[in-house]
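Start counting the sequence shown at 1127; every next residue gets the next number (the numbering used here).
To start, the structure under review is shown below, and the notes come after it.
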Amino acid sequence: MLNLSEYAARPRLLADYLPWAALVAPGVVLNKDGAFQTTFRYRGPDLESSTEPELIAVMARVNNALRRFGSGWALFFEASREEAGDYPSSAFPDPVSWLVDEERGVTAEEGGARFESAYYLTLLWLPPPDTNARAEKALIERPERPSGAGWRDRLLVFRQQAERTFDLLSTALSEIAPLSDEETLTYLHACISSRRHKVAAPEIPVFLDALLADEPFTGGLEPRIGDAHLRVLTLLGFPGATVPGLLDELNRQGFAYRWSTRFIAMDKAEAEKVLGRKRRHWFSKRKSVAAVLRETMFQEPSALL
């Protein structure tokens, strides 16, 4: 008799909680919920040599490129600072250049622990549900499409939007490049593992959750990934105004860290709908059920007693 307990319905492993399913295009990951994601590696201007007006101008251009996203899109920004390896050896055509590099290497070795920073931007798009497409098909007559064209069309839309964003950001940032399949898998692996090594793309790039999760995750009051302890800090609120490079002081500390920020975009109509729903709940306990129903039906606020 087949032992069904091996196929537990409840998630038990770290891979069960990971969203990544397969690679469906160069650098594009298909998630388990049907969303597409792709990642860019970027680097902004040098904070030590740039003036504040220059940084504000770059920030404005980046904001102009990112504010175009609407509902269904999410942006993940990550700054990863890790301990650097040994000083790399190089070949030089003359003794003077070699001597300068040797002195630089000695200075680096004597300075203690060294760290390198890498910055990533991940674009994620969750296409609208199939019910929307069926409703559109019922109201609008279009030529019949071949089988399987639906998800390919959505993938094409996602890639076009990602390329458009890349072109806009390339005019504002010092460096930006899309990650290849191998670089994408290496980056995702580094997000969930304490082991640092390159990950090659398999011949059939599916079941990425099981492929990338190579260490167990332990929860509780002392969470760990493998043997590495995790310490998580969360900001409960952001200031109303900031200056460029506000958190650059973290790069002067002698420890490794990951700083992650998620931005969930919304269309104007959906954002106003969410705000209106929040406002209706502010004084919900001071209004009767009839007053709340009247507000919902006629979209007009009732007077407070």
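The beta carbon of each residue, even a glycine, is placed where N, CA and C say it ideally should be.
Since we're looking at a predicted model, the values are computed, not measured.
query = Quick one: Cα of V1400 to Cα of R1406, how far?
reply = 10 Å
task = Pick out whichever of A1354, A1316 and K1404 has its Cα sitting closest to the Cα of A1205.
result = Taking each of A1354, A1316 and K1404 in turn and checking the Cα distance to A1205, the smallest one comes out for A1316.
request  = Measure the beta-carbon distance from E1289 to S1319 and round it to whole angstroms, keeping in mind my assumption that it falls under 8 Å.
outcome  = Their Cβ separation, rounded to whole angstroms, is 30 Å, which puts E1289 and S1319 out of contact at 8 Å.
ask   = Nearest CA to the CA of A1326: which residue from D1335, T1312 and A1336?
value = T1312
query = Nearest-angstrom Cα distance between P1145 and L1334?
reply = 9 Å
Secondary structure of Q1163, DSSP reduced to three states = strand
message = Tell me which residue opens and which closes the alpha helix (DSSP H) that T1368 is part of.
response = Looking at the DSSP string, T1368 is not in any alpha helix (DSSP H), and its letter there is neither H nor E.
task = Just grab the DSSP bridge partners of N1157 for me.
result = W1146
request  = Kindly confirm or deny that the segment 1366-1374 and the segment 1344-1352 touch, where touching means at least three C-beta pairs closer than 8 Å.
outcome  = no
inquiry  = Check whether the segment 1185-1195 and the segment 1291-1304 touch, using three or more Cβ-Cβ pairs below 8 Å as the test.
reply    = yes
request  = Identify which residue in V1155, E1228 and E1242 has its Cα closest to the Cα of E1236.
outcome  = E1228
task = Check H1355 in the structure and name its three-state DSSP category.
result = strand
ask   = Can you tell me where the alpha helix (DSSP H) with R1406 in it begins and where it stops?
value = K1394 to W1408
inquiry  = Tell me which residues share the same chain as R1207 and place their Cβ nearer than 6 Å to its Cβ, disregarding the 5 neighbours each side in the sequence.
reply    = The residues are F1241, S1243, A1382 and Y1383.
request  = Determine the contact status of I1390 and A1200, defining contact as a CB-CB distance below 9 Å.
outcome  = yes
L1431 (DSSP reduced to helix, strand or coil) = Note that L1431 scores 48 on pLDDT, short of 50, meaning its location in the model is unreliable; the coordinates nonetheless yield the value given after this. DSSP places L1431 in coil when its eight states are reduced to three.
query = For W1251, does the count of other Cβ atoms within 10 angstroms reach 16, so buried, or fall short, so exposed?
reply = By the 10 Å Cβ count, W1251 comes out buried.
request  = Verify whether the separation of the beta carbon atoms of L1181 and V1332 is less than 9 Å.
outcome  = no
Residue from L1139, W1385, A1161 and L1372 with nearest C-alpha to P1255 = A1161
ask   = Looking at C-alpha atoms only, which residue of R1278, F1166 and S1197 is the closest neighbour of K1394?
value = The alpha carbon of K1394 has as its nearest neighbour, out of R1278, F1166 and S1197, the alpha carbon of S1197.
query = Can you tell me the Cα-Cα spacing of A1354 and L1140, whole angstroms?
reply = Rounded to the nearest angstrom, the two C-alpha atoms are 15 Å apart.
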